[in-house]
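Note sheet for the following structure.
In mature numbering (1 follows the signal peptide of the UniProt record, and there is no 0), the protein residues as written are -16 to -1, 1 to 229.
So this is what it looks like as structure tokens:
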């Protein structure tokens, strides 16, 4: 079995780019169907809702219940997602300053067959389980992201049909408050997670699972990281003024 790799590096100062409060909405748009994004979409910091609502709690939904569906290479910027929509469905894409004020089942699912998706800035609140779901292949890079009250920041799919890997995750300049692990990965698929200049106020930086493709609950293999240093010990003190807010 190939060992998972979880890298941690300590930086002396916290990133100044992470924002810990939900931005003020510039207005509200309600849509009866999902909005397809083929190239670039700038929401101007408006809050977007589905009307009628499509959120079904922790019940998994599909494309018809999303607020935005991003095609390969698309970019979504400056939007606030309300609680009425299910999740965003993304191919290899970029999210810039995208916020979820109350996560439904997942905030966003990445389904790219290869390539890299980027999550730059933004944040999410009140995710009972995962914030970001990684079902495809390739890499997801998360930078300057804020997670508050959540189960996991990101999880590679544990039991999808046709499941496999490897999937690679990088998290930098980000903060988790009031939640679980930053990333969950599958050891048996060669998944990796690299965390740098980030912090959380509790729990483990990473949990390792044994993934499957049979819709079975994946067993936990261990928590923590493979490096000798500790993210929490090395970096939490540097972020304490923000964590205590």
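Even glycine gets a Cβ: it sits at the ideal position worked out from N, Cα and C. In this text the structure is predicted, and so the values were computed from the model without any measurement.
Expected contact under 8 Å - CB spacing of residue i and residue j to nearest Å
| i | j | result |
| --- | --- | --- |
| residue 135 | residue 112 | 6 Å |
| residue 197 | residue 150 | With 8 Å as the limit, residue 197 and residue 150 do not qualify as a contact, their Cβ atoms being about 15 Å apart. |
| residue 61 | residue 81 | 6 Å |
| residue 92 | residue 107 | Between residue 107 and residue 92 the Cβ distance is about 12 Å, and since that is not below 8 Å, they are no contact. |
| residue 171 | residue 194 | 6 Å |
Where residue i falls: helix, strand or coil (DSSP)
| i | result |
| --- | --- |
| residue 26 | strand |
| residue 8 | coil |
| residue 47 | helix |
| residue 170 | strand |
| residue 58 | coil |
| residue 192 | strand |
| residue 74 | strand |
| residue 13 | strand |
| residue 31 | strand |
| residue 177 | strand |
| residue 143 | coil |
| residue 3 | coil |
| residue 136 | strand |
| residue 38 | coil |
| residue 92 | strand |
| residue 129 | coil |
Close Cβ partners of residue i (< 8 Å) along its chain, the five nearest in sequence each way excluded
| i | result |
| --- | --- |
| residue 133 | 109, 110, 111, 161, 162 and 163 |
| residue 99 | 56, 76, 122 and 123 |
| residue 35 | 14, 15, 16 and 68 |
Buried versus exposed, by CB contacts within 10 Å (16 or more), residue i
| i | result |
| --- | --- |
| residue 68 | buried |
| residue 14 | exposed |
| residue 95 | buried |
| residue 139 | buried |
| residue 10 | exposed |
| residue 186 | exposed |
| residue 5 | exposed |
| residue 199 | exposed |
| residue 47 | exposed |
| residue 221 | Residue confidence for residue 221 is low, a pLDDT of 48 falling below 50, so the modelled location carries little weight and cannot support an answer. |
| residue 231 | The structure shown has nothing for residue 231, since the chain only spans -16 to 229. |
Sequence-distant residues of the same chain with beta carbon closer than 7 Å to residue i, five excluded per side
| i | result |
| --- | --- |
| residue 7 | 29, 64 and 83 |
| residue 128 | -2, 1, 2, 104, 105, 157 and 158 |
| residue 231 | With the chain running from -16 to 229 in the structure shown, residue 231 is simply not present. |
| residue 191 | 165, 168, 204 and 207 |
| residue 97 | 120 and 121 |
| residue 147 | 141, 195, 196 and 197 |
Under 9 Å between C-beta atoms of residue i and residue j
| i | j | result |
| --- | --- | --- |
| residue 50 | residue 71 | yes |
| residue 54 | residue 21 | yes |
| residue 154 | residue 125 | yes |
| residue 102 | residue 79 | yes |
Own chain, CB closer than 6 Å to residue i, minus 5 neighbours either side, in chain order
| i | result |
| --- | --- |
| residue 33 | 14, 66 and 68 |
| residue 37 | 68 |
| residue 19 | 52 |
| residue 27 | 62 and 63 |
| residue -5 | Model confidence at residue -5 stands at a pLDDT of 28, short of 50, so the residue's coordinates are unreliable and nothing is read from them. |
| residue 31 | 9, 12, 64 and 66 |
| residue 25 | 60 |
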